[in-house]
Amino acid sequence: MPLPEVDNPRHLAPIQSPDAVTYTDPADEIESRSLWQDAFKRLLRDKLAVISAIILIAVIGVAILAPVIAPYAPNEMDLSNRLQPIGTPGHLLGTDQAGRDILSRLIWGGRISVAIGVGAVAAALVFGVLIGLFAGFYKGPIDTLTNFGLNILMAFPYILLAISIITALGPGLTNAMIAIAIVGIPYYARIVRGSVLSLREQEFVQAEIALGASNARIIFKHILPNVLSPIIVAATLDVGWMIVMASGLSFLGLGAQPPTAEWGLMLSEGQKYIRNAPYVSLLPGLMIFIVVLALNFLGDGLRDALDPKLKQ
Amino acid sequence: MLRYAVKRVLQLIPILIGVSMLVFLIMQLTPGDPAKLILGPRASQATLEAYRRELGLHLPIWQQYLNWIGNVMRGDLGNSLHFKKPVTDLIMERLAATLILSIASMILATVFGVITGVISATKQYSLADRIMMTLSLIGFCLPVFWFGLLLQFIFSIRLGWFPASGINAPGVSGWQDTAWHLVLPSIALAVGAMATIARMTRSSMLEVIRQDYIRTARAKGVSWRNISYNHALRNALIPVVTVVGSQFGYLLSGQILLEVVFNWPGLGQLMVNGILYRDFPLVQGTVLIVAAMYVVVNLIVDLLYGLLDPRIKYEDS
Amino acid sequence: MKKLVLLVVMVMLAAFCLAGCGGDDVSSDDTTTTTAGGNQLIIGISSVPTSLDEQQISDYNSDRVASEIYDTLLRFSDTGTDVEPNLATDWDISEDGLTYTLTLRDDVKFHDGTDFNAEAVVFNYERFVSGDPVFAYADPIFGSVTSPEEDRIVKSAEAVDDTTVVFHLYQPFAPFLAHLAMTQFSIVSPTAADGVDVQDFGRSPVGTGPYKFGSWTGETEVVLEKNDDYWGNTPNVDRLIYRFITDDNTRLNELEAGSIDIAVDPLPDSIAGFEANSGFQILQEPGLHTWYLSLNTQVAPFDNADIRHAFYYAIDREAIVDNILLGTGVLAENFLPPATPGYTSDVPKYEYSPEKAKELLEKAGATDLTVDFWVPEGGSGMQSPDAMATAIQGDLANVGVTLNIKKLEWGAYLDQMFGDFPPEDQEMLLGQMSWISDNGDPDNFLFFLCSNTQWPPNYNSAYYSNAEFEKLITEARFNPNWDERKPLYEEAQKILMGDLPYLPIDHEIITAIGRDGIDGFVIHPRGFFRTGNVTMP
Chain A
68 MPLPEVDNPR
78 HLAPIQSPDA
88 VTYTDPADEI
98 ESRSLWQDAF
108 KRLLRDKLAV
118 ISAIILIAVI
128 GVAILAPVIA
138 PYAPNEMDLS
148 NRLQPIGTPG
158 HLLGTDQAGR
168 DILSRLIWGG
178 RISVAIGVGA
188 VAAALVFGVL
198 IGLFAGFYKG
208 PIDTLTNFGL
218 NILMAFPYIL
228 LAISIITALG
238 PGLTNAMIAI
248 AIVGIPYYAR
258 IVRGSVLSLR
268 EQEFVQAEIA
278 LGASNARIIF
288 KHILPNVLSP
298 IIVAATLDVG
308 WMIVMASGLS
318 FLGLGAQPPT
328 AEWGLMLSEG
338 QKYIRNAPYV
348 SLLPGLMIFI
358 VVLALNFLGD
368 GLRDALDPKL
378 KQ
Chain B
78 MLRYAVKRVL
88 QLIPILIGVS
98 MLVFLIMQLT
108 PGDPAKLILG
118 PRASQATLEA
128 YRRELGLHLP
138 IWQQYLNWIG
148 NVMRGDLGNS
158 LHFKKPVTDL
168 IMERLAATLI
178 LSIASMILAT
188 VFGVITGVIS
198 ATKQYSLADR
208 IMMTLSLIGF
218 CLPVFWFGLL
228 LQFIFSIRLG
238 WFPASGINAP
248 GVSGWQDTAW
258 HLVLPSIALA
268 VGAMATIARM
278 TRSSMLEVIR
288 QDYIRTARAK
298 GVSWRNISYN
308 HALRNALIPV
318 VTVVGSQFGY
328 LLSGQILLEV
338 VFNWPGLGQL
348 MVNGILYRDF
358 PLVQGTVLIV
368 AAMYVVVNLI
378 VDLLYGLLDP
388 RIKYEDS
Chain C
-7 MKKLVLLVVM
3 VMLAAFCLAG
13 CGGDDVSSDD
23 TTTTTAGGNQ
33 LIIGISSVPT
43 SLDEQQISDY
53 NSDRVASEIY
63 DTLLRFSDTG
73 TDVEPNLATD
83 WDISEDGLTY
93 TLTLRDDVKF
103 HDGTDFNAEA
113 VVFNYERFVS
123 GDPVFAYADP
133 IFGSVTSPEE
143 DRIVKSAEAV
153 DDTTVVFHLY
163 QPFAPFLAHL
173 AMTQFSIVSP
183 TAADGVDVQD
193 FGRSPVGTGP
203 YKFGSWTGET
213 EVVLEKNDDY
223 WGNTPNVDRL
233 IYRFITDDNT
243 RLNELEAGSI
253 DIAVDPLPDS
263 IAGFEANSGF
273 QILQEPGLHT
283 WYLSLNTQVA
293 PFDNADIRHA
303 FYYAIDREAI
313 VDNILLGTGV
323 LAENFLPPAT
333 PGYTSDVPKY
343 EYSPEKAKEL
353 LEKAGATDLT
363 VDFWVPEGGS
373 GMQSPDAMAT
383 AIQGDLANVG
393 VTLNIKKLEW
403 GAYLDQMFGD
413 FPPEDQEMLL
423 GQMSWISDNG
433 DPDNFLFFLC
443 SNTQWPPNYN
453 SAYYSNAEFE
463 KLITEARFNP
473 NWDERKPLYE
483 EAQKILMGDL
493 PYLPIDHEII
503 TAIGRDGIDG
513 FVIHPRGFFR
523 TGNVTMP
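Residue numbers (our numbering), protein chains in the order written: chain A, 68 to 379; chain B, 78 to 394; chain C, -7 to 529.
Encoded structure:
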């Protein structure tokens, strides 16, 4: 769930409720294209968002290029060089309890976190949007049932649900991703469902129904595009959340398994050595923090940039 | 108010049932033979078969669920495989520790969150406002388990101001010692929720402040202070109550992680250890109780909201 | 607004009330203090004891606590495994080695006031061998009633008079006196134990030892009180408190904070810090201990000797000992600890050689092996299970073997490794284990862990079976003449290290860190402590 937005000094509009979106008929293609262009220009003016975007691109880039960039393999052990401090020649950020280079592990760990974050969000997004679309559009018993199911899922504190699912599936990184994706579905489903419910009553949709357009066409061609804007903001913020959840699960021993270089796992394994080598556990956590922070700044910026109120 | 309250309470029941069904279903998927897990690896095939019948494992699943939920209603959550005690006993032993941490963190988060939000709202766009909102964003983004570890490292291991872990020094009891142990974990937990509450308070206050009757009072010369604390705050706090309720979910989740970091003897640690011990009855019981706790707290928050919002409080009249 | 404030205040009050009441497990005894004022010794141990009934105990963590409550008929000397008189002052062995006559003390009382005499000894013998379910050590020490006659050692125990007890044996048994000194055969009070469920007795034990059972608070601590009527040297310290602190860091934190006096099993990396601090002393004693990997020799892939040898060549043991154990272990070249009588270094040796390992794996056609590697969460004598597991995993990855680490809590781990499974049903193919000698006799390692009669639920977790080896150790077992036993054991060790069902990595140097000024704390090579002569600063 995202942080409630802070109003930007550039305008004095009251807070937006997450369900309020302005709708345009995608038939007015020209207008909508310039909406995105406008948004992009506005985004560029938000300095924090730009810096964050740069950081994120760097992280993603490093993650993709890990095999090339990282000075060592993530599991390259060197027992005679255990727990070397930061700044040791050859190991910029020191070594961990098995003599593995921390910088390399952070880089490789970034790869995993980015993959998991994006993957989990994508999965939650796809399923959540589908569920929301169909529940909102078809209404009736399907909707009631779906709503009830979503409410049950949301009745759990998020980690509790993830932990329960992992208990059943067994620990592991893929299972962790599945678990957090499931936890994330209701969030998107809710947003989409709300939008669909209102959209459905709008004139242009009613017109299409009257004209005899198939349900699928209506759902995907007319309703979906209008729902996208709040979803994109939500998804960006959510990637950070997914990364934190995944590392949280790995921290508990339920996600990534040793010797995987995953930030949460590194934090958990390094805890034992916090007295004499605190950087082993504190550095991976710092990485998580930076990535999440950047994603949030970017998400905030996106939300402001996409705010149609400014069009007026 | 009464209608609202009754409606809310009635809504609670299908949710609780649904939650229990989901927990039951998930636990059914765990690998392993329950009879073997309970009787241990040295039991003979015959004993295992007999015990399986006793556990009702041959019954259709919906019947097993009904049996289980029937037991739960009577307070029987099964027996822990590892501790060899009733799960209910274990939960009761640790409930206090969990509640202490939750409540302390929630109070910290609410009090400081509201204060921060109010100051930010009344001094909108000032430096203080900007700083507070940025800090709140940072607080929101902090991974809870990392922040807890960081606090532990700085304030306990390096500075020695606070104890590093546990709820009490071994062998010591008494609330002073507990309070001392409570400081670091509750701060770590509170920070995230504080952020959201601060922001929500700020927006809510702003909305209220802009309303006409406030403008009028201001025009008449009533000081900001009087307005804030008498009119604006009281009305602004109403939506904040709902946020506090939803934040409790995040708090509980964070608490499970934090109990591991600080070795806090609460339900979260019990649950995580249960998974390590492959003690599935224990995990099932704790998950159910914590989820139920969350649902009930949400209900209380909803009722509280009903009490505070005059539209609901007086809807019957 | 006011309502909110009221609510907040009420909730805070509630929270403080709850804090004050605490949970059941927090000791509310006003007389326990955090620091060692008042002549008490607080020892932080690394796990919760399984029981305080010595006859049921098989891990030396529980042993450390329970051994203070009881006496055995004979005892080991403070520094080694020579047998000395204890509850029995004198003994006589018949010519044929089948009759042991022990003279008992007449001035000993149990903690509950009842007399210790020969009848009590007989009761204890009966209890020990006929426990249901079978006590883990009954079979190896005396031979339990459930094993066939030809495998049993003791036929019966007989009380001739109050101070004389006679053990009748089926066959001469060389380590018998050492077995009588083993802590497992501690003498419990018949009055207290008779008819009482073993679980209950384990929670409120009664023995004859220098300390009496005081209290056991759940997962927090066990308190033992001085036995003022002790027949032997009454200890100086009035009270022993064993605190269970599983988290390694927390244990050291508490030591530093002064809330415990001695912390056992410290993290090797942290020892240097305490060594430099003059407020603390490092207490060490080489243990009769071996840390090893246990391989299931009856099923693939470890039924193939080449693969077992390959694994041993692949592991850089020296790196582990030098870099991870940091002075808390010595390199193992043999399954037996060096101080064991009969130890020989004339056994097949395996140097660190990834090349040889790869060669052997190729020869066995196992170039892409994946195996689950079971690792316990802590446990007696397991030293640094995580760090060592990671190192071993890395070493094996270097030769193309993938090890998937599977973690289990100690109790669950023991249940799995020593569960009553036939080898083909045993999930654990590769696991860590350690063993500390119970009595200093080579039989203790070679028979208990390697005899094909000792497959799980006994301690031969590798399901090892070698006919020639079996012959040697069985013959040695029942030959009371040491000069004849020694060469048999030397031969047996050669065979064992040739077969490699176990991969010995190191022998632990048992370590504890204590506050400066504490004198007389003895760490016995067997793993338990002797606190009888401790003086507090």
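Backbone N, C-alpha and C define an ideal beta-carbon position, used for all residues, glycine too.
This one's a predicted model, so the numbers in the text were calculated from it and none came from an experiment.
- Following the DSSP letters along the chain, one finds serine 426 of chain C inside the beta strand (DSSP E) bounded by residues 422 to 428.
- The continuous stretches of beta strand (DSSP E) do not include threonine 273 of chain B, which lies in the alpha helix (DSSP H) extending over residues 252 to 286.
- Contact check for alanine 170 of chain C and arginine 477 of chain C: beta-carbon distance about 13 Å, past the 8 Å limit, so the pair fails to qualify.
- When the five nearest sequence neighbours on each side are left out, the beta carbons in the same chain lying within less than 6 Å of the beta carbon of aspartate 84 of chain C are those of Thr93, in order along the chain.
- Neighbours of glycine 243 of chain B in chain C, taken as residues whose beta carbon is under 8 Å from its own, are Thr242 in chain order.
- Listed along chain C, the residues sitting closer than 8 Å to asparagine 340 of chain B by beta-carbon distance are Asp239 and Thr242.
- Assigned with DSSP and collapsed to three states, threonine 382 of chain C falls in helix.
- For the C-beta of lysine 399 of chain C, the chain B residues within less than 9 Å are, from N- to C-terminus, Leu353.
- Residue-level contact check: serine 330 of chain B touches chain A, since one or more beta carbons of chain A fall below 9 Å from its beta carbon.
- Taken through DSSP and simplified to helix, strand or coil, phenylalanine 108 of chain C comes out as coil.
- Residue nearest to aspartate 511 of chain C within the set C/Asn525, C/Ile505 and C/Asp99 is C/Asn525 (criterion: CA-CA distance).
- Sequence-distant partners of valine 117 of chain A (beyond 5 residues in either direction) whose C-beta falls short of 7 Å from its own C-beta, in its chain, are Leu111.
- Under DSSP, the beta-bridge partners assigned to leucine 287 of chain C are C/Leu422.
- With a minimum length of 3 residues, the unbroken runs of beta strand (DSSP E) contained wholly in the segment 248 to 285 of chain C fall at 254 to 256 and 272 to 278.
- Of all residues in the segment 356 to 377 of chain C, only Glu369 place a beta-carbon less than 8 Å from a beta-carbon of chain B.
- Tyrosine 455 of chain C sits away from proline 449 of chain C, with the two beta carbons spaced by 9 Å or more.
- Considering only beta carbons, the part of the segment 245 to 273 of chain C lying closer than 8 Å to chain B consists of Asn245, Glu246, Ala249, Ser251 and Ile252, in chain order.
- Assigned with DSSP and collapsed to three states, leucine 232 of chain C falls in strand.
- At a beta-carbon threshold of 8 Å, the residues of chain A lying near glutamine 385 of chain C are Pro325 and Pro326, ordered along the chain.
- Against chain B, the CB of valine 359 of chain A has a partner CB under 9 Å away; the residue lies at that interface.
- When 7 Å is used as the limit between beta carbons, serine 265 of chain A is near no residue of chain B, the shortest such separation being about 21 Å.
- Per DSSP, aspartate 210 of chain A lies in no beta strand (DSSP E); the unbroken alpha helix (DSSP H) holding it starts and ends at 207 to 221.
- Interface with chain A (9 Å Cβ-Cβ cutoff): tryptophan 223 of chain B is included.
- Leucine 304 of chain A sits close to leucine 362 of chain A, with the two beta carbons spaced by under 9 Å.
- When only Cα atoms are considered, glycine 509 of chain C and alanine 302 of chain C end up about 49 Å apart.
- Leucine 173 of chain A sits away from glycine 368 of chain A, with the two beta carbons spaced by 9 Å or more.
- Phenylalanine 107 of chain A sits exposed, since fewer than 16 C-beta atoms from the chains shown fall within 10 Å of its C-beta.
- Scanning its chain for C-beta atoms nearer than 7 Å, with the 5 sequence neighbours on each side dropped, one finds around leucine 228 of chain A the residues Leu220 and Val250, in chain order.
- Interface flag for serine 180 of chain A against chain B is unset, since no Cβ pair is found closer than 9 Å.
- Not a single CB atom of chain A sits nearer than 9 Å to the CB of isoleucine 505 of chain C.
- At a beta-carbon threshold of 7 Å, the residues of chain A lying near threonine 107 of chain B are Thr234 and Ala235, ordered along the chain.
- With contacts defined as CB atoms closer than 9 Å, proline 325 of chain A and leucine 332 of chain A qualify as a contacting pair.
- Under DSSP, valine 158 of chain C forms a beta bridge with C/Thr93 and C/Glu150.
- Residues of chain A whose Cβ lies closer than 9 Å to the Cβ of tyrosine 371 of chain B are, in chain order, Ala222, Phe223, Pro224 and Leu227.
- Under DSSP, glutamate 310 of chain C shares a beta bridge with no residue.
- Buried is the label assigned to arginine 171 of chain B, since at least 16 other Cβ atoms lie within 10 Å of its Cβ.
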